[in-house]
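Right, one structure below, let's go through it.
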Amino acid sequence: MQLVFATNNQNKLREVQALVPKHIKLLSLEDILCIEDIPETTGTIKGNAIQKAEYIKTHYGYDCFADDTGLEVEALNGAPGVDSAQYAGPQRNADDNMTKLLAQLKNKASRQAHFKTVIALYINGNLETFTGICKGEITTKKHGKKGFGYDPIFKAEGYTKTFAEISLDEKNKIGHRGKAVNQLIEFLNKY
Ligand code: IMP
124 MQLVFATNNQ NKLREVQALV PKHIKLLSLE DILCIEDIPE TTGTIKGNAI QKAEYIKTHY
184 GYDCFADDTG LEVEALNGAP GVDSAQYAGP QRNADDNMTK LLAQLKNKAS RQAHFKTVIA
244 LYINGNLETF TGICKGEITT KKHGKKGFGY DPIFKAEGYT KTFAEISLDE KNKIGHRGKA
304 VNQLIEFLNK Y
């Protein structure tokens, strides 16, 4: 059985391919010759994940799953949320995004935040969604060089180090994306 993972990130694809049952062959967007930007216009993380999976089903005919992730900060009513990639502007620069977030939180009492990943799966005419959440807090300064995005200013609950200071293995064990992927794999194991 063939299933599209709506990504062009070969690392993500290989990682998930290693975890899914052997009879499921994952295809990337490149594999199905989808080169256009898929619309992400719903205004929510879950909505955008569903929109991407639906787009592939409608325009390319494949069963598909798509993911969308954002950082939701309690004192900012869930911002940057669905706008996480371009919080500081269309340049989509991680350093600018973190600088803006630190400035927004300067006088706030709460620094509670969580990463949220939603995976939407269209399979055999049904839609399933899987949500992975990693709770934590935003630090007052950037720490560490590993990872990407907001990792240098996010400390998971119970940790003294940021995501940019711990190993990728450790981040995957406790992280939002890993949790959502595990639910997807559990579901696909029944196929
Ligand atoms: P995407 O939906 O996976 O492309 O994620 C959207 C944006 O959320 C990224 O551009 C990053 O700014 C942020 N983000 C997603 N996952 C992570 C993560 O694991 N660590 C830090 N930032 C992340």
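So the mapping is simple: this note's numbering equals the position in the sequence shown, first residue as 1, plus 123.
Where is the CB? At the ideal position from N, CA and C, for every residue including glycine.
Exercise for the section: Report yes if the C-beta distance between Ala232 and Ala189 is below 9 Å; otherwise report no. Expected result: no
Exercise for the section: Following the continuous beta strand (DSSP E) through Thr192, name the residue where it begins and the one where it ends. Expected result: 187-196
Exercise for the section: Check each candidate in Met221, Lys278, Glu251, Ala211 and name the one with the smallest Cα separation from Lys169. Expected result: Answer by Cα proximity: Glu251.
Handout entry: Spatial neighbours of Lys258 in its chain, beta-carbon cut-off 6 Å, leaving aside the 5 residues before and after
Key = Setting aside the 5 residues that flank it on each side, Lys258 is surrounded in the same chain by His237, Glu280, each with a C-beta closer than 6 Å to its C-beta; the list follows chain order.
Exercise for the section: Say whether the region 145-160 touches the region 196-216, bearing in mind that this needs 3 or more beta-carbon pairs closer than 8 Å, one atom from each stretch. Expected result: no
Exercise for the section: Could you check what DSSP says for Lys284 in three-state terms: helix, strand or coil? Expected result: coil
Handout entry: Secondary structure of Ala202, DSSP reduced to three states
Key = Three-state result, Ala202: coil.
Problem - Where the beta strand (DSSP E) through Tyr245 begins and ends - result: 235-246
Exercise for the section: Could you tell me if the beta carbon of Asp218 falls within a distance shorter than 8 Å of some heavy atom in ligand 1? Expected result: no
Exercise for the section: Please report how far the alpha carbon of Ile297 lies from the alpha carbon of Tyr183, in whole angstroms. Expected result: About 34 Å.
Exercise for the section: Could you tell me the boundaries of the beta strand (DSSP E) in which Val127 lies? Expected result: 125-128
Exercise for the section: Output yes or no for whether 9 Å exceeds the beta carbon distance between Leu199 and Ile276. Expected result: Contact: no.
Practice task
Could you tell me if the beta carbon of Thr315 falls within a distance shorter than 8 Å of some heavy atom in ligand 1?
Solution key: This structure does not reach residue 315, given that the chain is present from 124 up to 314, and the question cannot be answered.
Practice task
Check whether the Cβ atoms of Gly272 and Ala202 sit closer than 9 Å, and answer yes or no.
Solution key: no
Handout entry: Identified DSSP bridge partners for Ala279
Key = Gly259
Problem - Separation of Lys223 from Lys313, as counted between CA atoms - result: 44 Å
Handout entry: Euclidean distance between Cα positions of Ile289 and Lys269
Key = 8 Å
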